[in-house]
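Visitor: Next up is a structure, given as structure tokens.
In our numbering, the protein residues as written are 116 to 994.
Listed below in structure tokens is the structure:
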């Protein structure tokens, strides 16, 4: 970046007289109750103390005003906390009970903990505000990257776990979700407050390719009946058709290079994106929906010549390959639209605390109906009311536990798209919902923000609110559109007994022209937040109409703050391949680390076999490799926040894939329901404390560098660690155990941590460990999450360390828990004397005196058990 651009943001200002107060700092300042503003000749910096752990920073060119977009994201107003301001000639220091914020005379800001240890520092390199960008972006802020791992940013299909130095474009697409929140193993978080397309760590260098090449990617061409000259022509033509180019690259430095492909201007259907370096694949994307940009990385050696092959089949542009060198060592947010650098910095003692602060800043996640934590039966699609009910009855007949059944699209009249039932196929939606409720199932139905049904739009006065003449997405930035859209949903869905809405295509699908006007400005300025305002429409409308009902939405996109609207996001229309299955794990873990705790995926993948646009497998029901892929994916689903099977042109019911698969699926469905007391209690922590249900190992072990890159293991709640098999016919799995002692969940054998162990992984199992010092409440075998049982809950105590756990109860479905209508039971175990203490926690929902609760306690690995009838008074016993 030219020096002149750097000066725009650096506080290279003349010494000025202080107005309003005597200051030692070289620049003029204004101090208010919750903020400090630094004034200069070119730049104004405002630091707002939101609370003792959260700082809001805004930088603008002198005289400029912010864009005036509504605040859709943050809900926490500045709190009345104590803070101090100290000054010297070169520095301004803001101190709270948790943070020291240092503003240097050049305009850079440093964040330190109360012990003076550095957390994060800005740099003026790659930091700017401009109205005439050299490239694509208007505002950019860079920080110095340290010895750390970085997580969050949303959901991407690169298989990358740690985003340090990696270029990523934050832009909403099917399969990719842009969430501008980042958390570090150094225990800080950044929310970049910008709604437009944003480049994270924009790549600084480009690899150039010649106009054409004469070799295929593999270097091997099929023999053809032509002379040598024509063979060369044939090879060149084949490469041109597949858009394959080659070159050599000689790196100047040794280390980890991060790569970035920009392949197109709009996402498209089909077309392979592949980059190989010396035949080592670093970027590989061949699913049906193709976003525009891709990330990869590879260790390279200085001075060595590498052969680079770039394939970009089916693109509207040739595409370009960029990279950052190993010493990039910056964390950069650079946005397409904006006149103000705007971000929030937050610091906690652990990554978990940082996510809790983000939860506090952007909104509490509601507790779902308990049935949402069970098994969801879904497919593309049930074609009629009769077909859906037939399969629902069969699930109950076969005693397969299930709580949700889902109607995907095309239930609407032929030739339209929108929430209206085709009465030839669905003659009585209310009767359908009523029968499902009698079967103890809830009904979810797919609805889109695209509505292609002019009479329906006219009925609700929405016809003139499309985002473009030929675009069927509605302008949800208009409050009246949100209200009337909800009314359309209520009349077509909730009045018939539909329980939840699947808000599909909210990225949005069929994206409007970026220069299209919305109610709040150009779509370019609000591109990434469309899903949030669609979800807001559904949530706020239903909350008003059904004020005591818990609300759940399934979305294909998300943005920071969307969690407060009852949102579950799933990973989009992914392909059934081992590679993309593996990518789902890191995609989901980074999504939850971006501050939205509820995430899901199509178990088995969406595009499954040759009948559903996936040539990898001939027949999903009989192909042994696909069935094994489905099994491993199903095991992942059982330990995901939402447990949902789905597939395109598929009958996904578990009995259709052979007895071995059905037996495995029943085992993991039963396990999910057995763990329901644990899962529901963990969900309570999400609501109350901003926890997550699924997390990478670094969430709990940020200082253990061995955890930083692990992308095939996860924590399910606070105590259960799961390893996932991502290769065909793999029957053993290496599992890293962090420090401490661990119990094999299946065998109860104990193992020491701080090492990697090899664990058996047969077709019907996956490695699961529980850390010593855990208490896990489990329940009996049930057919749905709210089914009553006379059997006592089993409280499994994993010894080796002291342990505590809080078990949660409420009525499972209303919002009365928000008014205190819940109950907690607290368990405490001390290792030295194997003593268990049971006490009543918060809440008044259960009367233990009138109806004592029965527990069976088990000291895992010892064979010891003890029964207790708990009446609300403190109970103590020793094993």
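Where a beta carbon is used, it is the ideal one built from N, C-alpha and C, also for glycine.
Give the single residue among 396, 389, 417 and 397 whose Cα lies nearest to the Cα of residue 367.
Guide: 417
Visitor: Have a look at residue 478 and residue 708 and give me their C-alpha separation to the nearest angstrom.
Guide: 15 Å
Visitor: Are the beta-carbon atoms of residue 700 and residue 776 separated by less than 8 Å?
Guide: With contacts defined as CB atoms closer than 8 Å, residue 700 and residue 776 fail to qualify as a contacting pair.
Visitor: With H, G and I counted as helix, E and B as strand and the rest as coil, what does DSSP make of residue 492?
Guide: strand
Visitor: Under a three-way DSSP split, which group does residue 474 fall into?
Guide: helix
Visitor: Can you name the start and end residues of the alpha helix (DSSP H) that residue 708 belongs to?
Guide: 693-708
Visitor: Any idea if residue 385 is buried or exposed, counting beta-carbon neighbours within 10 angstroms, 16 or more meaning buried?
Guide: With fewer than 16 Cβ atoms within 10 Å of its Cβ, residue 385 is classed as exposed.
Visitor: For residue 642 versus residue 311, is the C-beta distance shorter than 8 Å?
Guide: Between residue 642 and residue 311, the C-beta spacing is below 8 Å.
Visitor: Mind checking whether the beta-carbon of residue 700 lies closer than 7 Å to any heavy atom of the ligand GTP?
Guide: For the ligand GTP, the structure offers nothing, since it holds no ligand at all.
Visitor: Leaving aside the five residues before and after residue 121 along the sequence, list all residues of the same chain whose C-beta is less than 8 Å from its C-beta, in chain order.
Guide: Any answer about residue 121 is weak, because its pLDDT of 40 lies below 50 and its placement is not dependable; what the coordinates show is given next. So the list reads 239, 240, 242 and 243, once near-sequence residues are dropped.
Visitor: Classify residue 194: buried if its beta carbon has 16 or more other beta carbons within 10 angstroms, exposed otherwise.
Guide: exposed
Visitor: Report the residue ranges of all alpha helix (DSSP H) runs contained in full by the stretch 538-569; include only those spanning at least 4 residues, in chain order.
Guide: 544-553
Visitor: Closest by CA to residue 452, which one among 640, 425, 407 and 284?
Guide: 640
Visitor: Can you give me the start and stop residues for the beta strand (DSSP E) that residue 254 sits inside?
Guide: 254-259 is the span of the beta strand (DSSP E), which, as asked, contains residue 254.
Visitor: Could you check what DSSP says for residue 137 in three-state terms: helix, strand or coil?
Guide: Residue placement at residue 137 is poorly supported in this model, since its pLDDT is 48, which falls under 50; the coordinates are not used for a value here.
Visitor: My output table needs one value for residue 595: the three-state DSSP class, helix, strand or coil.
Guide: helix
Visitor: Looking only at its chain, what residues have a beta carbon closer than 6 Å to the beta carbon of residue 340, apart from the 5 residues adjacent to it on each side?
Guide: Low per-residue confidence applies at residue 340: pLDDT is 40, beneath 50, and the placement is therefore not dependable enough to give any value.
Visitor: Taking only three categories from DSSP, how would you classify residue 769?
Guide: helix
Visitor: How should residue 661 be labelled, buried or exposed, when 16 other C-beta atoms within 10 angstroms of its C-beta is the threshold for buried?
Guide: exposed
Visitor: What does a CB cutoff of less than 6 Å around residue 524 pick up in its chain, not counting 5 residues either side in sequence?
Guide: Same-chain partners within the cutoff: 561.
Visitor: Which same chain residues end up closer than 6 Å to residue 136 when comparing Cβ atoms and leaving out the 5 residues on each side of it in sequence?
Guide: Confidence at residue 136 is low in this model, with a pLDDT of 43, below 50, so the placement of that residue should be treated as unreliable; the coordinate-derived value is given next. If we look at residue 136 and ignore the five residues flanking it on each side, it has no Cβ neighbours.
Visitor: Would you call the stretch 463-474 and the stretch 425-438 touching, i.e. three or more CB-CB distances under 8 Å?
Guide: no
Visitor: Please name the residue or residues paired with residue 881 in a DSSP beta bridge.
Guide: Its beta-bridge partners do not exist; DSSP assigns none.
Visitor: Quick one, which of 571, 767 and 797 has its alpha-carbon nearest residue 742's?
Guide: 767
Visitor: Mind listing, in chain order, the continuous beta strand (DSSP E) runs of no fewer than 3 residues lying wholly within the stretch 745-793?
Guide: Complete beta strand (DSSP E) runs here, min 3: 758-760.
Visitor: Which runs of the beta strand (DSSP E) at least 3 residues long sit entirely within the stretch 575-634? Give them in chain order.
Guide: 615-618
Visitor: Quick one: measure Cβ to Cβ for residue 912 and residue 974, integer angstroms, because I've assumed they're closer than 8 Å.
Guide: Going by Cβ atoms, the distance from residue 912 to residue 974 rounds to 5 Å, so yes, they are a contact pair.
Visitor: For the alpha helix (DSSP H) holding residue 866, just list the boundary residues, first then last.
Guide: Looking at the DSSP string, residue 866 is not in any alpha helix (DSSP H); the run it does join, the beta strand (DSSP E), is 865-867.
Visitor: Which residue spans inside the stretch 869-936 form an unbroken beta strand (DSSP E) run of at least 3?
Guide: Counting whole runs of 3 or more residues, the stretch 869-936 contains the beta strand (DSSP E) stretches 870-875, 883-886, 889-893, 908-913 and 918-924.
Visitor: When you compare only the Cα positions, how much space is there between residue 720 and residue 270?
Guide: 16 Å
Visitor: Under DSSP, the beta strand (DSSP E) around residue 435 begins and ends at which residues?
Guide: Annotation for residue 435: the continuous beta strand (DSSP E) segment containing it runs 435-439.
Visitor: At what residue ranges does the stretch 787-870 contain a whole run of the beta strand (DSSP E), taking only runs of 3 or more?
Guide: 828-831, 835-838, 847-852, 856-859 and 865-867
Visitor: Mapping the DSSP letters down to three states, classify residue 690 as helix, strand or coil.
Guide: strand
Visitor: How do the stretch 727-735 and the stretch 684-699 stand: do at least 3 beta-carbon pairs fall below 8 Å, yes or no?
Guide: Judged by Cβ distances under 8 Å, the stretch 727-735 makes contact with the stretch 684-699, as three or more pairs qualify.
Visitor: May I have the straight-line CA-CA distance separating residue 564 from residue 655, to the nearest angstrom?
Guide: 16 Å
Visitor: Determine the DSSP secondary structure at residue 946, reduced to helix, strand or coil.
Guide: In the structure shown, residue 946 sits in coil (DSSP, three-state: anything other than H, G, I, E or B).
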